[in-house]
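Chains as they are written, first to last, in this note's numbering: chain P, 1 to 205; chain G, 1 to 316. Glycine included, every Cβ here is placed at the ideal spot set by N, Cα and C. Because the structure is a prediction, the values reported are computed rather than measured. First comes the structure, then the notes that go with it.
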Amino acid sequence: MSENVEKYIKRKVYKGTNSRIAEKFVDAGLEKIRACINCGTCSGSCPSGRRTAIRTRSIIRRALTGDESVLEDIDIWLCSTCYYCYERCPRDIPVTDMIIKLRNIAVEEGHILDPHFNLANNIFWVTGHGVPANGEANKKWQDLRVSFGLPPLPPTVHMHPEAVKECQDLMESVGFRKLMDNIEEKKAKEKAEAEKEKKVEEKQK
Amino acid sequence: MNEKKDLKYGFFLGCVAPNRYPMIEASIRAVFEHLGAELFELEGASCCPAPGVFRAFHIPTWLVIAARNITLAEELGVDIVTGCNGCYGTLRDAWYELEHEPELKKMVNEHLAKVGRKYKGNIEPKHVVQVLYQDMGIDYLKGFVKHKFSDLKVAVHYGCHIVKPSDKRPWGGEYECPTFLDEIVELTGAKSIDYKDKFMCCGAGGAVRTAVKEVAADFSREKLENIRNAGCDIIIDCCPFCHLQLDLGQMEANGTYKNMIGEPYKIPVVYITQLLGLAFGIDPNRLGLVKNHELTGVSPFIPVEPFLKKVKEQLT
Numbered sequence: 001m002s003e004n005v006e007k008y009i010k011r012k013v014y015k016g017t018n019s020r021i022a023e024k025f026v027d028a029g030l031e032k033i034r035a036c037i038n039c040g041t042c043s044g045s046c047p048s049g050r051r052t053a054i055r056t057r058s059i060i061r062r063a064l065t066g067d068e069s070v071l072e073d074i075d076i077w078l079c080s081t082c083y084y085c086y087e088r089c090p091r092d093i094p095v096t097d098m099i100i101k102l103r104n105i106a107v108e109e110g111h112i113l114d115p116h117f118n119l120a121n122n123i124f125w126v127t128g129h130g131v132p133a134n135g136e137a138n139k140k141w142q143d144l145r146v147s148f149g150l151p152p153l154p155p156t157v158h159m160h161p162e163a164v165k166e167c168q169d170l171m172e173s174v175g176f177r178k179l180m181d182n183i184e185e186k187k188a189k190e191k192a193e194a195e196k197e198k199k200v201e202e203k204q205k
Numbered sequence: 001m002n003e004k005k006d007l008k009y010g011f012f013l014g015c016v017a018p019n020r021y022p023m024i025e026a027s028i029r030a031v032f033e034h035l036g037a038e039l040f041e042l043e044g045a046s047c048c049p050a051p052g053v054f055r056a057f058h059i060p061t062w063l064v065i066a067a068r069n070i071t072l073a074e075e076l077g078v079d080i081v082t083g084c085n086g087c088y089g090t091l092r093d094a095w096y097e098l099e100h101e102p103e104l105k106k107m108v109n110e111h112l113a114k115v116g117r118k119y120k121g122n123i124e125p126k127h128v129v130q131v132l133y134q135d136m137g138i139d140y141l142k143g144f145v146k147h148k149f150s151d152l153k154v155a156v157h158y159g160c161h162i163v164k165p166s167d168k169r170p171w172g173g174e175y176e177c178p179t180f181l182d183e184i185v186e187l188t189g190a191k192s193i194d195y196k197d198k199f200m201c202c203g204a205g206g207a208v209r210t211a212v213k214e215v216a217a218d219f220s221r222e223k224l225e226n227i228r229n230a231g232c233d234i235i236i237d238c239c240p241f242c243h244l245q246l247d248l249g250q251m252e253a254n255g256t257y258k259n260m261i262g263e264p265y266k267i268p269v270v271y272i273t274q275l276l277g278l279a280f281g282i283d284p285n286r287l288g289l290v291k292n293h294e295l296t297g298v299s300p301f302i303p304v305e306p307f308l309k310k311v312k313e314q315l316t
């Protein structure tokens, strides 16, 4: 990184905007975000932006200026993490890592899509695999393995229940369980409130 | 005669290869054995965990579980090899971070200590293609080629995480236009065809497929269109998740984008070790290329028989 870019980062560029998100980036050691000049190389390199509304430049801009609505925007989940923006950024900002971190902040505040929550809470936590092959529902995949001369299940967590437990102990220890429980609680609350509102509406009718 | 190399690896399976595309697992095992490499099982390995999904949910969880998977190979004293770009991305990036950030390593080891493990960092996570190209080398592989295909046009698909982020990959910083996979493909006599946006993402990664399948299918549609326009016979890849997206994704694109694409796509998708294995003279049954079951709704969703038929004609 050139000396000028370094100076630019160290300058309190966004002093006064109080961007909570930008502060979290800095805490996570991703302070290079402050070097962004909004040139749009990231958006121009983005294969997702060719077909969806995701504009990487805009996401970074919103994060920097403290526009918290970015956390609830589905756009941040449409990045396929191809890393072109990371590679091509002329200011050496690890853009893809920024998007990953932004997703972490979003999830922490309970903004996670249902299929993602299901994958994390009901599949990964339970089986230790993101795409499992155990159980009756996956019988055809076990049979397919056997047809190629492989054992029905691989020697992964699938063959080692104690390893699933070990992974769960680690996830408990590192805070994943608590994170999932908080989200579940928030989702249940939102659902209850929505139902309550619906009932009130029906009564008024 | 080929010189004997000391090739010992812990085989990290991941999820998609063993659980959805076991032909990939079978072909890696067969080809590595044929090349004199020994694969050790990493008993009790979990999901890597997937970089675009679980890393996106909670970075510390991603790092701790990845470190646990790395310790399984450390216990055996061998490098890790994985055939999946996603697993490679996770294991390699986690390894890179743990090697460069002592604070993170300390944090990870505090958690691992609770289950009686310790991350040391004395092995390297590698990709199957990295082992083929760097540990073995083109000259070594050349010595095993028995059959050369005289007329096979291949669309090579690298996928993203085998080359990027380039500062954490072993390709000397090259990411815009790498050639290592093309070189391996062309050892077999097949011709790697240049096609538009060759290095474009398949669309599955980064939790996109789980979030909105139609978006992932549209990435694939664009790739498949470019591949078809270049007149390729097959797609060769080196990642089970890209493989799933380009195989099952053809069905999805054929459905969702029916009105855009004209003729439905039906391009066979073949994993690199399946192609290599055929050139080495390994029985196609051992490479998972021959269907010998009556199951329905299983992979591959685009039949590979046209490919087998084409190369069979070239062999005789």
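In the structure shown, G:P268 falls within a coil segment according to DSSP collapsed to helix, strand and coil.
Exposed is the label assigned to P:R50, since fewer than 16 other Cβ atoms lie within 10 Å of its Cβ.
With contacts defined by Cβ atoms closer than 7 Å, G:Y21 and G:P264 do not form a contacting pair. Identification of residues in the region 56 to 69 of chain G having a C-beta nearer than 8 Å to some C-beta of chain P yields A56, F57, H58, I59, P60, T61, V64, I65 and R68, given in sequence order. For G:L39, the enclosing beta strand (DSSP E) begins and ends at E38 to E41. Looking at the DSSP output, G:K291 shares a beta bridge with no other residue. The beta carbon of G:Q130 sits closer than 7 Å to those of P170, all from its chain and outside the five residues before and after it, given in chain order. In this structure, the straight-line span from the alpha carbon of G:E225 to that of P:V200 is close to 52 Å.
For G:D237, no alpha helix (DSSP H) run applies; the uninterrupted beta strand (DSSP E) run containing it begins and ends at I234 to D237, by DSSP. With a threshold of 7 Å between beta carbons, P:H116 makes contact with chain G. Taking 7 Å as the cut-off, the beta carbon of G:V16 is found no closer than this to the beta carbon of G:L295. In the pairwise beta carbon analysis, the region 60 to 73 of chain G is classified as touching the region 112 to 119 of chain G: at least three pairs are separated by under 8 Å. Three or more Cβ pairs closer than 8 Å define a contact, and the region 189 to 203 of chain G falls short of that threshold against the region 98 to 107 of chain P.
The three-state secondary structure of P:T156, taken from DSSP, is coil. For P:P94, the closest of P:M180, P:L113 and P:A28 by C-alpha to C-alpha distance is P:A28. Taking 7 Å as the CB threshold, G:A207 lines the interface with chain P. Residues of chain P whose Cβ lies closer than 7 Å to the Cβ of G:Y175 are, in chain order, E87.
The continuous stretches of alpha helix (DSSP H) do not include G:T82, which lies in the beta strand (DSSP E) extending over residues D79 to T82. Using a 10 angstroms sphere on the CB of P:V126, the tally of other CB atoms stays under 16, which defines it as exposed.
The closest CA to that of P:I59, considering only P:A192, P:T96, P:Y84 and P:P47, is found on P:T96. In the DSSP assignment, the residues bridged to G:A155 are G:I235.
Interface with chain P (7 Å Cβ-Cβ cutoff): G:H243 is excluded.
Pairwise C-beta distances place the region 55 to 70 of chain P out of contact with the region 132 to 140 of chain G, as fewer than three of them are shorter than 8 Å.
Beta bridge pairing from DSSP links G:H127 with G:T82. Taken through DSSP and simplified to helix, strand or coil, P:F148 comes out as coil.
Inter-segment contact for the region 51 to 65 of chain G and the region 115 to 124 of chain P is present: three or more beta-carbon pairs are separated by less than 8 Å. One Cα belongs to P:C79, the other to P:K203, and the distance between them is close to 43 Å. CA-to-CA, the gap between P:R145 and G:G44 works out to about 18 Å.
In the structure shown, the three-state DSSP call for P:K205 is coil. Cβ-Cβ distances below 8 Å link P:G40 to R57 in the same chain, with the five nearest sequence neighbours on each side left out; the list follows chain order.
Take G:S192, set aside five residues on each side of it, and the residues of its chain with a beta-carbon closer than 7 Å to its own are V154, V156, D182, V185 and E186, in chain order. No Cβ-Cβ contact shorter than 7 Å links G:I234 with G:F280.
With a contact defined as Cβ atoms closer than 8 Å, G:R92 and G:P49 miss out at about 14 Å.
In this structure, the CA atom of P:G66 is about 7 Å from the CA atom of P:A22. Excluding residues up to 5 positions away in sequence, G52 lie with their Cβ nearer than 7 Å to the Cβ of G:G206 in the same chain.
Listed along chain G are G44, R68 and V115, each with a C-beta nearer than 8 Å to that of P:E166.
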